[in-house]
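Below you'll find the structure, written out as structure tokens, and then a few comments.
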Amino acid sequence: MRIRSVRTLPAAVTVAATVAGSSLSWAPAASAQSTEPTPSTSAPSAPKNVAETESGGVTILKKDPGGDVLAGATFTLFDPAGKEAASGKTDAQGQLAMKDLTPGVYRLKETSSGSPLHETVDDQDVIVTPGVDTPLTIVDPFKDASVLLKAKDDKTGKPLAGSAVNIGSGDKTLLTLTTGSDGTARGKLPTNSRTSSNFWVKQIKAPDGYEIYKPSKTFQAKPGDPVTVTVTNAKAATTPPPTHKPTDKPSEKPTDKPTEKPTPDKPGKDEATSAPSASATDTPTTHEPASGTAASAPAGSLAHTGADATPWIIGGAGVLIAAGGGALFAARRRRREDPTDEK
Numbered sequence: 001m002r003i004r005s006v007r008t009l010p011a012a013v014t015v016a017a018t019v020a021g022s023s024l025s026w027a028p029a030a031s032a033q034s035t036e037p038t039p040s041t042s043a044p045s046a047p048k049n050v051a052e053t054e055s056g057g058v059t060i061l062k063k064d065p066g067g068d069v070l071a072g073a074t075f076t077l078f079d080p081a082g083k084e085a086a087s088g089k090t091d092a093q094g095q096l097a098m099k100d101l102t103p104g105v106y107r108l109k110e111t112s113s114g115s116p117l118h119e120t121v122d123d124q125d126v127i128v129t130p131g132v133d134t135p136l137t138i139v140d141p142f143k144d145a146s147v148l149l150k151a152k153d154d155k156t157g158k159p160l161a162g163s164a165v166n167i168g169s170g171d172k173t174l175l176t177l178t179t180g181s182d183g184t185a186r187g188k189l190p191t192n193s194r195t196s197s198n199f200w201v202k203q204i205k206a207p208d209g210y211e212i213y214k215p216s217k218t219f220q221a222k223p224g225d226p227v228t229v230t231v232t233n234a235k236a237a238t239t240p241p242p243t244h245k246p247t248d249k250p251s252e253k254p255t256d257k258p259t260e261k262p263t264p265d266k267p268g269k270d271e272a273t274s275a276p277s278a279s280a281t282d283t284p285t286t287h288e289p290a291s292g293t294a295a296s297a298p299a300g301s302l303a304h305t306g307a308d309a310t311p312w313i314i315g316g317a318g319v320l321i322a323a324g325g326g327a328l329f330a331a332r333r334r335r336r337e338d339p340t341d342e343k
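What the sequence shown shows, in the UniProt record's numbering, is residues 1 to 343, in sequence order.
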């Protein structure tokens, strides 16, 4: 009965029975286990194929501000660990391709612009995407022109400190320079063309003691080339006017005022002649008649003769005084000597 029940089982679940003592154990047949490991053996091969297709790349197009492509520019790509992952130069079309890169963030460095007119750009990060070539357009700027500013005296050529100028192009100011103690100043002037660019310079502050140079000057500069700009100043003419003004004012005031006041009130000659007349009256103080005569004579003579008759009047008064004194002395002497007069 037991053998018949085993034979009735389907073939897919057929098992082998083993009798050990009085018990019966069941085990899966080997044919049933052979179908399960098949998918597991093919699984490891799939990840290897996917890893091969996950690499990426970087393509570079090199230009200048004018739109021209630049050949010979050198680039180096560094991985996150700082190791060089790829490098190369741009071709005649300004292109460079870096392939088979593991996805991640890289550091791109331009080591040379390949041109004497252009500067290199700053380092930048680049993200590499699986299965994609990341495009980059890099523009190298033109090199700056080196500007040397000089300020001088227009007569002697002496260097002047403190001269401030603006330098620009069109309606924009690009640079401001101020000369130092040696009369010079240096700076970098950005350029925007392979050929010479036009610039202007205008002085905004003159050195101490000098007049500002108002007109603007123009000059040209090429990328990477040195250029010298010279500004000359004339001495300020502010010192002579103050010296003339003080001399004019005092000379007019003293001369006008004294001449105007004496003329309407009393002539200058009258003042000069009145002093001697007073001294003439004071001289003969001992003789009353003579003093009266001397005082009246100048008063009447001044009305007719003026200041020129004064010496003659004084001389005549002296003669009269002497004659009068002599006559008086003679009369007294006669009285003393003539006895008849006393009786």
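Ideal Cβ placement from N, Cα and C applies to all residues, glycine included. Note that this is a predicted model, so its numbers are computed, not measured.
| Check | Outcome |
| --- | --- |
| Given that a residue counts as buried once 16 or more other Cβ atoms are within 10 Å of its Cβ, and exposed if not, what is residue 112? | exposed |
| Assuming residue 183 contacts residue 152 (C-beta within less than 8 Å), just tell me the rounded distance between them. | 7 Å |
| Just to confirm, are residue 204 and residue 176 a CB contact at a threshold of 9 Å? | yes |
| Nearest to residue 93 by alpha carbon, out of 322, 326 and 59? | 59 |
| Measure the Cβ-Cβ separation of residue 145 and residue 223 and say whether it is below 9 Å. | yes |
| Taking the alpha-carbon of residue 54 as reference, which of 187, 232, 104 and 209 has the nearest alpha-carbon? | 104 |
| Do you know offhand how far residue 72's Cα is from residue 167's? | 34 Å |
| So what does DSSP say about residue 332, is it helix, strand or coil? | helix |
| So, does the CB of residue 72 fall closer than 9 Å to a CB anywhere in chain B? | Considering every chain present, this structure includes no chain B. It has just one protein chain. |
| I need the DSSP call for residue 317, collapsed to helix, strand or coil. | helix |
| Identify the continuous beta strand (DSSP E) that holds residue 67 and give its terminal residues. | That residue, residue 67, is in no beta strand (DSSP E); it is neither H nor E in DSSP. |
| Excluding five sequence neighbours on each side, which residues of the same chain lie with their C-beta closer than 8 Å to the C-beta of residue 70? | 62, 63, 64, 90, 94, 113, 114, 115, 118 and 140 |
| What does the Cβ neighbour count give for residue 132, buried or exposed, with the cut at 16 atoms within 10 Å? | exposed |
| For residue 175, which residues does DSSP report across the bridge? | 167 |
| Is the beta carbon of residue 228 closer than 9 Å to that of residue 148? | yes |
| Quick one, which of 142, 210 and 322 has its alpha-carbon nearest residue 67's? | 142 |
| What are the boundary residues of the beta strand (DSSP E) that includes residue 220? | 217-221 |
| Rounding to the nearest angstrom, what Cα-Cα distance links residue 128 and residue 56 in this structure? | 6 Å |
| Return the chain-ordered ranges of every beta strand (DSSP E) run that is complete within the stretch 111-138 and spans a minimum of 3 residues. | 124-128 |
| Within 10 angstroms of its Cβ, does residue 207 collect 16 or more other Cβ (buried), or is it exposed? | buried |
| In terms of residue numbering, what span does the beta strand (DSSP E) encompassing residue 99 cover? | 95-101 |
| If you compare alpha carbons, which of 226, 102 and 201 is closest to residue 188? | 226 |
| Return the chain-ordered list of same chain residues with a C-beta closer than 8 Å to the C-beta of residue 343, the five sequence neighbours on each side being excluded. | Below a pLDDT of 50, predicted positions are generally treated as unreliable, and residue 343, at 44, falls in that range; the measurement from the model is reported next regardless. Excluding positions up to five away in sequence, the list is empty. |
| For residue 124, collect the residues of the same chain with a Cβ closer than 6 Å to its Cβ; drop the 5 residues on either side in sequence, then sort them by chain order. | 108 |
| Going by beta carbon distance, what residues of the same chain come within less than 6 Å of residue 212, once the five residues before and after it are set aside? | 203 and 206 |
| How would you write the range of the beta strand (DSSP E) that residue 146 sits in, first residue to last? | 145-153 |
| Grouping DSSP H, G and I as helix and E and B as strand, with all else coil, what is residue 56? | strand |
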